[in-house]
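Down below is the structure, laid out as structure tokens.
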DNA sequence: CAGTGGTCTAGACCACGCT
DNA sequence: GCGTGGTCTAGACCACTGT
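Chains as they are written, first to last, in UniProt numbering: chain A, 1 to 251; chain B, 1 to 251.
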């Protein structure tokens, strides 16, 4: 039996594109449990007519939900709520780093300030922090060590305009941000394996070309303003991640 | 200066949806280096007219490429080739199988069976699967390819005692397990960067010593019996991960 | 078979970047 | 102000699912 579309709230007076509002509304209904796993969503044509939207717009909303793994499209059949999902209220995965583990195990984790400089944002930083050409950033380069051994290098870039009052330096970056009410609320992190160039390899005391984990992280304030872009290289032999995978999504 | 669209090959006689063919053609051009990082792609309207397609179709192709991280859209400016990003990124918050993941991206994911053998468990397997010395395992080695290009190697080890009835071979491992009521319910996955030795590098068609992502995963049945230990090597330039971080993880 | 999602067309208006 | 991507409309045909 197909879910009655009347259960799907949609307030056209809210701000933003229609497909995003619709996707958010359905996503919230799934998170609340109003739409149980396996439930068939309204058909694209039906919902479009009910809401006075075009089918393309409804499709855009369904597609956004499918990209987040909340629903699943089955050709010739319908769109269905996926099982065991919502990543927001109760993340099904937990990501922990070796450095966190080390801290927990009482290892002596330190960091050394390599550089602190202001400059015009690179293209990479412009894209990550959604700045405009010519905007300036503060760049904070730090070497991460555990028990005196260098494990990784982090370069954090912050929009200069937002960080005038922040005391950057030896201390914790997040503590300094927090003191100015600039605590990150969310983030997205990319990870991949790369070979180290000569410069970074030298700082990490490993041969050039050694495998390393490249991490790129963008952190956002609660209003979705990007506040920090950090690019880190960690020695492959000294740093890794553990992800717990819960739920029946192992297909 | 904008790239002339004549450089973008597109063969309407080929099979599959037009947007996918177009995306693949552009993706290959980027992989070959014909389209350097930072290059502006043809405008959506321009390319649509040149190819006799609608703008929506070109947008679908560009969107697919953006989802794979190959290009980046800048509103009011254009679509640009991204620099040095892995061709594929697997979200950690929505774990899916390799082939499922690629299918969602419209790629032709295949796998080639390299080896299927029974043998005594190694120390590594004993620890991961909590077996006793002398216990035997089934080892399934597969090469993972996307659009014919080798991206990774997976070696799955399963306790022989639990998998007597399972038909292992060319098909999906999880489907075969599921048929015998041995579906994994949970898993734990470790990730780190390594350099490839000669043998694996050869199979992946990259130079020895290239950076790769090493994945080790143990899957458990709902009663916490370990059912599968998989050790995978994925090319660092072709596969990465994305993680969403919520408040508490940002320290 | 009827209904569904998958794809595609040929337009349109908007907010934003660039010059 | 012009061109760009971002969004949206109102149709259309196809392959597939389910009965």
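Quick reminder that beta carbons are idealized off the backbone N, C-alpha and C, glycines included.
Bear in mind that the values here come from a model prediction, so they are computed numbers and not experimental data.
Item                                                                                                                                                                                                : Value
Quickly, what does DSSP pair residue 112/B with across the bridge? List them, please.                                                                                                               : 143/B
So residue 190/B contacts chain A; which residues on that side make the cut at Cβ distance below 9 angstroms?                                                                                       : 240, 241, 242 and 243
Helix, strand or coil: which one does DSSP assign to residue 70/B?                                                                                                                                  : coil
Start and end of the beta strand (DSSP E) containing residue 239/A?                                                                                                                                 : Counting along the chain, residue 239/A falls outside any beta strand (DSSP E), and DSSP gives it neither H nor E.
Might you give, ordered along the chain, the residues of its own chain that have their beta carbon closer than 8 angstroms to the beta carbon of residue 162/A, omitting 5 neighbours on each side? : 182, 225 and 227
For residue 38/B, which residues from the same chain have a beta carbon less than 8 angstroms from its beta carbon, with the 5 sequence-adjacent residues on both sides left out?                   : 80, 81 and 83
Taking Cβ-Cβ distances shorter than 9 angstroms, what residues in chain B pair up with residue 81/A?                                                                                                : Per Cβ cutoff of 9 angstroms: no residues; residue 81/A is ~14 angstroms from chain B at best.
Whose C-alpha, out of 35/A, 55/A and 50/A, is nearest the C-alpha of residue 71/A?                                                                                                                  : 35/A
Can you look up residue 43/B in the DSSP assignment and give me helix, strand or coil?                                                                                                              : coil
Check the C-beta distance from residue 195/B over to residue 205/A and give it rounded, since I have them as a contact under 8 angstroms.                                                           : Residue 195/B to residue 205/A, Cβ: 16 angstroms. No contact.
Terminal residues of the continuous beta strand (DSSP E) containing residue 189/B?                                                                                                                  : 186-195
If the cut is a Cβ gap below 7 angstroms, which residues of chain B does residue 209/A touch?                                                                                                       : 209
To the nearest angstrom, how far is the alpha carbon of residue 139/B from that of residue 154/B?                                                                                                   : 10 angstroms
Anything in the segment 21-46 of chain B with a Cβ closer than 9 angstroms to a Cβ of chain A? List those residues in chain order, please.                                                          : 38
Whole angstroms is fine: what's the gap from residue 143/A's alpha carbon to residue 110/A's?                                                                                                       : 8 angstroms
Tell me, which residues are paired with residue 49/A by DSSP?                                                                                                                                       : Answer is none; residue 49/A lacks a bridge partner.
Return the Cβ separation of residue 216/B and residue 208/B in integer angstroms, given the expectation that the two are a contact with Cβ distance under 8 angstroms.                              : Actually they do not touch by this definition, with Cβ atoms about 21 angstroms apart.
Closer than 7 angstroms by C-beta to residue 185/A: which residues in its own chain qualify, once you throw out the five before and the five after it? Chain order, please.                         : 220, 221 and 222
Could you check whether residue 214/A and residue 252/B sit closer than 9 angstroms to each other, using their CB atoms as the reference points?                                                    : No answer is possible for residue 252/B: it lies beyond the span of chain B, which begins at 1 and ends at 251.
Please report whether the beta-carbon of residue 18/B lies at a distance below 9 angstroms from any beta-carbon of chain A.                                                                         : no
For the alpha helix (DSSP H) containing residue 173/A, list its first residue and its last residue.                                                                                                 : 173-179
Could you give the distance in angstroms between the alpha-carbon of residue 253/B and the alpha-carbon of residue 19/B?                                                                            : The requested residue 253/B does not occur in the structure, where chain B is confined to residues 1 to 251.
Please name the residue or residues paired with residue 62/B in a DSSP beta bridge.                                                                                                                 : None; residue 62/B has no bridge partner.
Between residue 116/A and chain B, is there a C-beta pair that is closer than 9 angstroms?                                                                                                          : no
In its own chain, which residues sit with a C-beta less than 6 angstroms from the C-beta of residue 57/B, not counting the 5 before and 5 after it?                                                 : 18 and 19
Rounding to the nearest angstrom, what Cα-Cα distance links residue 236/A and residue 121/B in this structure?                                                                                      : 26 angstroms
Counting only beta-carbon atoms, is residue 146/A nearer than 9 angstroms to chain B?                                                                                                               : no
Taking 9 angstroms as the cut-off, decide whether the C-beta atoms of residue 159/B and residue 131/B are in contact.                                                                               : yes
How would you write the range of the alpha helix (DSSP H) that residue 18/B sits in, first residue to last?                                                                                         : 18-32
Spell out whether any CB of chain A is found under 9 angstroms from the CB atom of residue 198/B.                                                                                                   : no
Residues of chain A with a CB under 8 angstroms from the CB of residue 236/B: which are they?                                                                                                       : 192, 193, 194, 195 and 211
Measure the Cβ-Cβ separation of residue 234/B and residue 128/B and say whether it is below 9 angstroms.                                                                                            : no
On the criterion of 16 or more Cβ atoms from any shown chain inside 10 Å, does residue 157/A qualify as buried, or is it exposed?                                                                   : buried
Give me the DSSP bridge partner(s) of residue 136/B.                                                                                                                                                : 120/B
At the 9 angstroms Cβ level, is residue 55/A part of the contact set with chain B, yes or no?                                                                                                       : no
By a C-beta neighbour count over all protein chains shown, 10 Å radius and 16 as the cutoff for buried, is residue 172/A buried or exposed?                                                         : exposed
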